Amino acid sequence: MMKLSYQQINNLIELTIATVDDSLGCDGCLELMDQFAQAELDDTVMPDAMEAVRIHLEQCKCCKDEYEALMIALREVR
Ligand SMILES: [Zn+2]
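Here it is, written out as structure tokens:
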């Protein structure tokens, strides 16, 4: 399970937005990962913001590992 609090994530997001505006980054990916995983499980159409998550996951092993752990956890509770 993810250990970051929403406050911590929001702080990270603000830092990311301040320094990077052309890519999602790991912090932005983590922020959207829960929504992305829910959409994936529900098989709903992905908003554009979610496509950025998908692109990031394809390029970032760190976030992909996190995402796969999240998916396992979500499937267990369903
Ligand atoms: Zn990442």
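The sequence shown: position 67 = 67 (the working numbering), numbered continuously. Built from N, CA and C at the ideal position, the CB exists for glycine as well. Keep in mind the model is a prediction, meaning the values are calculated, not measured.
- The three-state secondary structure of residue 41, taken from DSSP, is helix.
- Between residue 55 and residue 30, the C-beta spacing is not below 8 Å.
- One Cα belongs to residue 35, the other to residue 50, and the distance between them is close to 8 Å.
- Closest option to residue 28, judged by alpha-carbon separation, among 52, 76, 42, 48: 52.
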